[in-house]
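Residues 150 to 335 (my numbering) are what the sequence shown spells out, left to right.
Glycine residues also receive a C-beta, built at the ideal position from the N, C-alpha and C atoms.
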Amino acid sequence: MEEIEFILDSTKEAMSGSIEHLEKSFLNIRAGKASPQMLGSVFVDYYGSQTPLSQIANVNVPDARTITIQPYEKSMLQPIEKAIMIANLGFNPMNNGDLIIISVPPLTEERRRDLVKQAKSEAEDAKISVRNHRKDANSDIKKLEKDGTSEDVCKTAEETVQKMTDNFIKKVEETLVHKEAEIMKV
């Protein structure tokens with residue numbers, strides 16, 4: 150029984166991890182409004198090591214269409230600008246000597262559709278991940294059955310894993326619907 154509880158707990162934890170990963174991925178898919186998370190994937194060459202932008206500069210959003218970046222050291226203006234270009238986020242940073250200013254262009258209908266496709270792809274990856282965790286749990290339960298755990302206990306555990314899988318897949322779909330609505334809202 151203890152082993153089955155462990156399998157169920159670790160499966161639930163792994164599936165929760167898939168949902169968390171999906172939510173983080175969705176933060177990088179912009180929905181029209183400027184936000185500091187849009188630059189979450191930007192790493193700057195800071196004295197030889199790749200450092201997240203948020204650790205070497207102050208990132209602000211003064212309005213819905215603008216992101217300003219104020220580096221803690223003025224000498225980092227050029228490297229930050231270069232890192233934003235390398236990150237290929239579709240932004241054109243402007244350097245005024247003190248700040249880097251990014252104007253976030255409004256999304257076109259075509260770009261919104263592309264972002265929805267990207268979101269659907271991320272959601273599908275999350276579903277696959279959840280199903281893989283189910284498969285791992287079921288194979289662990291089958292091993293226990295071979296090692297002498299009663300068939301009824303194993304059947305019940307497999308049913309629990311299936312219910313868990315259904316719930317997490319439903320959560321993925323709800324998260325996707327919410328993100329889709331956010332992207333398509335003009």
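For residue i, which residues does DSSP report across the bridge?
{"i": "Ile250", "result": "Thr217 and Met243"}
{"i": "Tyr195", "result": "Ser198"}
{"i": "Asp212", "result": "Thr215"}
{"i": "Ala232", "result": "Note: Ala232 sits in no beta bridge, so no partner."}
{"i": "Asn177", "result": "Answer by DSSP bridge pairing: none, since Asn177 is not bridged."}
{"i": "Asn207", "result": "Gln219"}
When the Cα atoms are used, what is the spatial distance from residue i to residue j?
{"i": "Glu154", "j": "Ile318", "result": "21 angstroms"}
{"i": "Ala286", "j": "Asn316", "result": "16 angstroms"}
{"i": "Val321", "j": "Ala206", "result": "34 angstroms"}
{"i": "Glu323", "j": "Glu300", "result": "35 angstroms"}
{"i": "Pro228", "j": "Asp194", "result": "7 angstroms"}
{"i": "Asp296", "j": "Ala232", "result": "55 angstroms"}
{"i": "Ser190", "j": "Ala236", "result": "7 angstroms"}
{"i": "Thr305", "j": "Leu325", "result": "30 angstroms"}
{"i": "Ser198", "j": "Val302", "result": "52 angstroms"}
{"i": "Ala163", "j": "Pro242", "result": "38 angstroms"}
{"i": "Phe240", "j": "Gln219", "result": "16 angstroms"}
{"i": "Asn209", "j": "Glu258", "result": "27 angstroms"}
Only counting the same chain, and skipping five residues up and downstream in sequence, which positions put a Cβ closer than 7 angstroms to that of residue i?
{"i": "Ser278", "result": "Ser167"}
{"i": "Pro201", "result": "Phe192"}
Flag this pair as yes or no: are the beta carbons of residue i and residue j separated by less than 8 angstroms?
{"i": "Thr314", "j": "Arg280", "result": "yes"}
{"i": "Ile216", "j": "Val253", "result": "yes"}
{"i": "Ile249", "j": "Glu222", "result": "no"}
{"i": "Glu273", "j": "Leu171", "result": "no"}
If I measure Cβ to Cβ from residue i and keep anything under 6 angstroms in the same chain, skipping five residues before and after, which residues do I get?
{"i": "Lys328", "result": "Phe175 and Ala268"}
Got a sec, what are the start and stop residues for the alpha helix (DSSP H) residue i sits in?
{"i": "Asp263", "result": "Glu258 to Lys295"}
{"i": "Asn316", "result": "Glu300 to Met333"}
To which residues of the same chain is residue i closer than 8 angstroms at the C-beta, ignoring the five residues directly before and after it?
{"i": "Lys161", "result": "Met313"}
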